[in-house]
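Visitor:
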Amino acid sequence: MIFKQLPFEAKVAVAAGTVFFSMIVSRMYLAENIEVTRLRWLLKLQMIFFINALMIIGSCHIWRSTVTVFYKPPAANSFCFILWKIILLTFLILAHSSFFTLLFLVAEEPYFFSLAAFTCLGSYIILIFFLFTFGSLEQLYILMTQRNAKVGSTSKIGKLARKPALAVTVTIGLTVIGLLNASQPPAVKSVAIPVHKLPLSMNNLKVVLLSDIHLGPTVGKTKLQMIVKIVNSLKPNITVIVGDLTDSEVKDLGHAMEPLGQLDSPLGTYFVTGNHEYYISDVNNWFECLKSLNVHPLHNEHVKIMSYKDKDTDWFCLAGVDDIEANVLHYTGHGMDLKKALEDCSTDHAIVLLAHQPLAAKRAVQAQSDISLVLSGHTHGGQIFPLNIGAYFMNPFFVGLYKVGQNTFVYVSPGTMFYGIPMRLGSRAEITEIILRSPLSV
């Protein structure tokens, strides 16, 4: 049989492909034919097994590069080598177990095991990158110099050790830096944005933007209380949360969400869904929970934000759309519907849109040129190196402020916390203080 003759990594890749295909089938054909709770668990397990199948390929590469290549006496029999194998095996097991904590270890405050597992996952990603990079550079050097000189066994072992030793050293250093960066409170960034058609009476209105808090296995109630305290110190008129607020169900994290009820925003606190809200399949329950905390979900709908001075004529439309992942997952009753969200929004007034993903922001401004400002998140600024590279190329807007056309701006938050991995490398968690500027004030 052909499958039996395949290398181990190829067999794992086939298994990953099979799981991925089963995920598609489940989402397309089982969504309306299976009880919601069962479907939720099925999709979570499929996603976890798919990720772990891919990680097995990476783990095999790590083991070969840092262990198998040294299975030669006397190194293979040394105490240090045996200790290294135990440490590496523990590291790989923790990395592989990280996503399982989403199912079994979610509480008001993170468990140490969850933090350790996701830290190992972050280090795993960095180590894979540098092993591949250093290996590629080594092969390139050999090709360029055509050096085939034979060396003694001792020096050969020494040369073999250089690449993995360097990769491991760099990984440890970057892991420490990443953990220290993520442990700091989010930076407060103030941005003034001109908003087309904003009334003069609403000039300098302050909006605080939060995104990608990811309350779950590594972000708990204490972190959320810290965020709320910082937001209230800014004295915003409006607070908006543009998705990926949580990574678990209300029954697990409802109490951890309570600090949001302390947000003090005179003109309201508003929320739109992100892709992770649909992964956990508990959106409607979260809507009810947030409403009880005076956080208003904008489910393909809008509200009119009135001026303090002239409520009859001076206002703008604050609209929010469901995340586009709801369309992909065929999530019943949900999905991005810009037309519905902007229904009755007068084009004579400014329109500010909340849309979690930059891709949704791009689609929105292409479909409706009258939108003055779109606030998004999702990218995390890549969160950790080298994921920054992929995030940059996969999103039409990456981080920060973009001008689209003559009168439209898009602002993408790099995220207020982090997803799973408690690290930040090449990015910084941010609470964004947005000052809306009327063009009439110039």
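So for the sequence shown, full-length UniProt numbering puts the first residue at 1; every next one is plus one. Each residue gets a CB set at the ideal place from its N, CA and C atoms; glycine is no exception.
1. Report the rounded CA-to-CA distance for R424 versus K311, giving the unit in angstroms.
2. Specify the secondary structure class of T154 as computed by DSSP and reduced to three states.
3. Check C60 in the structure and name its three-state DSSP category.
4. Assign T145 to one of three DSSP states: helix, strand, or coil.
5. Would K285 and E249 qualify as a contact pair, given that the criterion is a beta-carbon distance under 9 Å?
6. Pull up the distance between the alpha-carbon of T154 and that of G426, whole angstroms please.
7. For the structure I just gave you, are there three or more beta carbon pairs, one from the segment 344-354 and one from the segment 411-424, closer than 8 Å?
8. If distances are taken between C-alpha atoms only, which option among N232, H334 and Y279 comes closest to P266?
9. Select from L375, T432 and F393 the residue whose C-alpha is nearest the C-alpha of V404.
10. My output table needs one value for L205: the three-state DSSP class, helix, strand or coil.
11. To the nearest angstrom, how far is it from the Cα of D282 to the Cα of T273?
12. Confirm, please, whether the CB-CB distance from G390 to V412 is below 9 Å.
13. State the Cα-Cα distance for the pair L373 and G335, rounded to the nearest angstrom.
14. I believe L234 touches V208 by the beta-carbon criterion, under 8 Å. Please report the beta-carbon distance rounded to the nearest angstrom.
15. Please check the pair D212 and H380, which I expect to be a contact at CB under 8 Å, by giving their CB distance rounded to whole angstroms.
16. Take P396 and list the residues in its own chain whose beta-carbon comes closer than 7 Å to its own, dropping the five residues that flank it on each side.
17. From which residue to which residue does the beta strand (DSSP E) around A429 run?
18. Is H302 helix, strand or coil when you go by DSSP?
19. For D322, which residues of its own chain have a beta-carbon under 6 Å away from its beta-carbon, when the five flanking residues on both sides are left out?
20. What runs of the alpha helix (DSSP H), each 4 residues or longer, lie entirely inside the segment 340-404?
21. How should P185 be labelled, buried or exposed, when 16 other C-beta atoms within 10 angstroms of its C-beta is the threshold for buried?
22. Do you know offhand how far I230's Cα is from K304's?
23. Please work out which residues of its chain come closer than 6 Å, Cβ to Cβ, to Y331, disregarding the five sequence neighbours upstream and downstream, and give them in chain order.
24. Of all the options D348, G135, K340 and N52, which has the alpha carbon lying nearest to the alpha carbon of A364?
25. Can you list, in chain order, the residues of its chain whose CB lies under 6 Å from that of G58, leaving out five sequence neighbours each side?
26. Just verifying my parser: in three-state terms, what is the DSSP assignment at L263?
27. Using the C-alpha atoms, what's the distance from M144 back to L210?
28. Assuming I125 and L387 are in contact, meaning their beta carbons sit under 8 Å apart, how far apart are those beta carbons, in whole angstroms?
29. With which residues is S190 paired in a DSSP beta bridge?
30. On the DSSP letters alone, give me the boundaries of the beta strand (DSSP E) that T408 sits inside.
31. If you drop the 5 nearest sequence neighbours on each side, which residues of the same chain put their C-beta closer than 6 Å to that of residue 464?
32. Helix, strand or coil for A95 per DSSP?
33. In chain order, what residues of the same chain have a beta carbon less than 8 Å from the beta carbon of D348, not counting five sequence neighbours either side?
34. Taking the alpha carbon of W343 as the reference point, which residue from E325, V195 and A319 has its own alpha carbon closest?
35. Confirm, please, whether the CB-CB distance from F287 to L245 is below 9 Å.
Guide: The structure says:
1. Here the question's residue 424 lines up with position 424 in the sequence shown. Here the question's residue 311 lines up with position 311 in the sequence shown. Rounded to whole angstroms, R424 to K311 spans 43 Å at the Cα level.
2. Reading the sequence shown from its first residue, position 154 is the one you call residue 154. A caution first: T154 carries a pLDDT of 46, below 50, which makes its placement in the model unreliable, though a value can still be read off. It is helical.
3. Position 60 of the sequence shown holds residue 60. Reduced to three states, the DSSP call for C60 is helix.
4. Within the sequence shown, numbered from 1, the residue matching residue 145 stands at position 145. In this structure, T145 counts as helix in the three-state DSSP scheme.
5. What you label residue 285 is simply residue 285 of the sequence shown in a count that begins at 1. What you label residue 249 is simply residue 249 of the sequence shown in a count that begins at 1. The amino acid occupying residue 285 in the given sequence is Asn; Lys does not appear at that position. In this structure, E249 lies closer than 9 Å to N285 by Cβ.
6. The residue given as residue 154 occupies position 154 in the sequence shown. The residue given as residue 426 occupies position 426 in the sequence shown. Per-residue confidence for T154 stands at a pLDDT of 46, beneath the threshold of 50, marking its modelled position as unreliable; no derived number is given.
7. no
8. Translated into positions along the sequence shown, residue 266 becomes position 266. That would be N232, whose Cα lies nearest to the Cα of P266.
9. By 1-based counting over the sequence shown, the position of residue 404 is 404. Measuring from the Cα of V404, the nearest candidate turns out to be L375.
10. One-based indexing of the sequence shown puts residue 205 at position 205. In the structure shown, L205 sits in a strand (DSSP, three-state: E or B).
11. For this step, residue 282 is matched to residue 282 along the sequence shown. For this step, residue 273 is matched to residue 273 along the sequence shown. In a straight line, the C-alpha of D282 is about 11 Å away from that of T273.
12. Reading the sequence shown from its first residue, position 412 is the one you call residue 412. Reading the sequence shown from its first residue, position 390 is the one you call residue 390. Their beta carbons are not under 9 Å apart, which means V412 does not touch G390 by this criterion.
13. Taking the first residue of the sequence shown as 1, we reach residue 373 at position 373. Taking the first residue of the sequence shown as 1, we reach residue 335 at position 335. Looking at the two C-alpha atoms, the distance is approximately 21 Å.
14. Translated into the one-based positions of the sequence shown, residue 234 becomes position 234. Translated into the one-based positions of the sequence shown, residue 208 becomes position 208. With 8 Å as the limit, L234 and V208 qualify as a contact, their Cβ atoms being about 6 Å apart.
15. Stepping through the sequence shown from its first residue, residue 212 is reached at position 212. Stepping through the sequence shown from its first residue, residue 380 is reached at position 380. Right, their Cβ atoms sit about 6 Å apart.
16. Residue mapping note: residue 396 aligns to position 396 of the sequence shown, counting from 1. Contacts found: P358, L359 and K362.
17. By one-based count along the sequence shown, residue 429 stands at place 429. From DSSP, A429 is part of no beta strand (DSSP E); its letter is neither H nor E.
18. The residue you call residue 302 lines up with position 302 of the sequence shown. Reduced to three states, the DSSP call for H302 is strand.
19. Start at 1 with the first residue of the sequence shown, and residue 322 comes out as number 322. For D322, where only same-chain residues beyond five positions count, the Cβ hits under 6 Å are T273, N300, H334, G335 and M336.
20. 358-367 and 387-394
21. Looking up residue 185 in the sequence shown gives position 185. Label assigned to P185: exposed.
22. One-based indexing of the sequence shown puts residue 230 at position 230. One-based indexing of the sequence shown puts residue 304 at position 304. Rounded to the nearest angstrom, the two C-alpha atoms are 26 Å apart.
23. Taking the first residue of the sequence shown as 1, we reach residue 331 at position 331. Taken in chain order, the residues that qualify are Y278.
24. Locating residue 364 in the sequence shown gives position 364, where the first residue counts as 1. Of the listed residues, the one whose Cα sits closest to A364 is K340.
25. Taking the first residue of the sequence shown as position 1, residue 58 is located at position 58. Correct list, in chain order: I128.
26. Looking up residue 263 in the sequence shown gives position 263. Residue state, collapsed to three classes: coil.
27. Against the sequence shown, residue 210 aligns to sequence position 210. Against the sequence shown, residue 144 aligns to sequence position 144. So the two alpha carbons sit approximately 50 Å from each other.
28. The residue you call residue 125 lines up with position 125 of the sequence shown. The residue you call residue 387 lines up with position 387 of the sequence shown. Rounded, the Cβ-Cβ distance is 7 Å, consistent with contact.
29. Reading the sequence shown from its first residue, position 190 is the one you call residue 190. S190 is bridged to E433.
30. The residue given as residue 408 occupies position 408 in the sequence shown. Unbroken beta strand (DSSP E) run through T408: T408 to V412.
31. Residue 464 lies beyond the stretch modelled for the chain, which goes from 1 to 442, so this question has no answer here.
32. The count along the sequence shown starts at 1 and reaches residue 95 at position 95. In this structure, A95 counts as helix in the three-state DSSP scheme.
33. For the purposes of this step, residue 348 is identified with residue 348 of the sequence shown, where counting begins at 1. The residues are K197.
34. Sequence index remark: in the sequence shown, residue 343 carries index 343 (1-based). Just to set this straight, residue 343 is Glu in the shown sequence, not Trp. Checked all of E325, V195 and A319; the closest Cα to E343 is A319.
35. Numbered from 1 along the sequence shown, position 245 holds the residue referred to as residue 245. Numbered from 1 along the sequence shown, position 287 holds the residue referred to as residue 287. The answer is no: Cβ separation not under 9 Å.
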